[in-house]
C-alpha cells in the first residue's frame, strides 16, 4: 500500500499571530465580522461562526480500511482550503482546518485532505474550523460530516501477502464479498440520551435519488420527523427504530424529534 502522508497536528495555535485585538478580547470576538459569531459552543468550547448556506464550506469524507488496521480518511471540501500557515490568526471565510472526533471525542486536526483513524473507532465526525478555531456553521449547526465505521481488518501477517483493500466505508455495514448485491444506500445511526444526540448533529450530503436509512435509538418515547418529506418514525425507549426513504427533493431538510424538539441531523440534497 502506498505511503500515507499524514497531516501534522499542531498542539497549540503556533506560528505568528495575524490578528491583533484589544486586551481581554479573544480572536473569536475580534474577527466576528467574518460571519456571525454565535453564543453556542461545540463540545470543545469553540464558538460557532455562522455563514449563509450559499457561502459556507462543505465537507464529505470517505474511510478506507488500512491493511495494518484502522482507517485511512480522505476529505473532499468545497468553498474551503486548508491554511496551516495562518492557524491562530483571524477567521476568513473559506479557510481553516478540520478536526476529527472519534466516537464523539476530539482526537486531532487535519491540515490537508488525508488522515488516519486507529482501530476500534465506531463513528467519525469531521468538523471544519476557521483559523481562529471557531467552528464554521450553517443554520446554527456545525459544518461537518459523520461516518459510521465498520470493523476494520486485523493487521496482516508480515509473512503473507495483504488482502485486497475493500472500497470506501460509507455506512456501518461491512462491504459484502462475492456476488454483488443491490446498493443499500447510506445508513446513519443516531442515539438520543436526554438532550444529547450522538454523534452530534451534522449535515448529511446526499444526491437526489439516493437511498437513506436512519436508525435511531432514544431513552424515551418520541417521534422523529423528516421535514420536507413528511415522514415520521415512532421511538420506544431503548428500542432501535429504522426509517428508510429515497431523497427525491433537493434542498436543506432538518430531522428532529417532536416531543424533545432536538435537531438530530440535516439532510443536504443536491
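In this note's numbering, the protein residues as written are 8 to 277. All C-beta atoms in this analysis are idealised placements derived from N, C-alpha and C, irrespective of residue type, glycine included. Just so it is clear, the structure is predicted and the values come from calculations on it, not from any experiment.
Under the three-state DSSP convention, the category residue i falls into
i, result
"residue 113", "strand"
"residue 261", "strand"
"residue 149", "strand"
"residue 199", "strand"
"residue 57", "strand"
"residue 100", "coil"
"residue 166", "With a pLDDT of only 44 at residue 166, under the threshold of 50, the placement of this residue in the model should not be trusted; the figure read from the coordinates follows. Residue 166 falls in the coil class under three-state DSSP."
Per DSSP, the bridge partner or partners of residue i
i, result
"residue 79", "71, 123"
"residue 85", "65"
"residue 272", "262"
"residue 140", "BP columns for residue 140 are empty, so no partner."
"residue 155", "130"
"residue 47", "DSSP lists no partner for residue 47."
"residue 277", "Answer by DSSP bridge pairing: none, since residue 277 is not bridged."
"residue 194", "220"
Short Cβ contact (9 Å threshold) for residue i with residue j
i, j, result
"residue 219", "residue 240", "no"
"residue 266", "residue 222", "no"
"residue 271", "residue 263", "yes"
"residue 76", "residue 126", "yes"
"residue 197", "residue 275", "no"
"residue 124", "residue 135", "no"
"residue 96", "residue 86", "no"
"residue 55", "residue 111", "no"
"residue 235", "residue 268", "no"
"residue 152", "residue 210", "yes"
"residue 69", "residue 83", "yes"
Classification of residue i by the beta-carbon crowding that lies within 10 angstroms, buried from 16 upward
i, result
"residue 237", "exposed"
"residue 65", "buried"
"residue 121", "exposed"
"residue 203", "exposed"
"residue 141", "buried"
"residue 247", "exposed"
"residue 104", "buried"
"residue 149", "buried"
"residue 1", "Here the chain covers residues 8 to 277 and nothing more, so residue 1 does not appear."
"residue 38", "For residue 38, the predicted structure reports a pLDDT of 47, less than 50, and the residue's modelled location is therefore unreliable. A value from the coordinates is still provided. When all chains shown are included, residue 38 counts as buried."
"residue 255", "exposed"
"residue 46", "exposed"
"residue 277", "exposed"
"residue 116", "buried"
"residue 208", "buried"
"residue 72", "buried"
"residue 42", "buried"
"residue 200", "exposed"
Task: Contiguous alpha helix (DSSP H) assignments of at least 4 residues, all confined to the segment 203-268 - done: none
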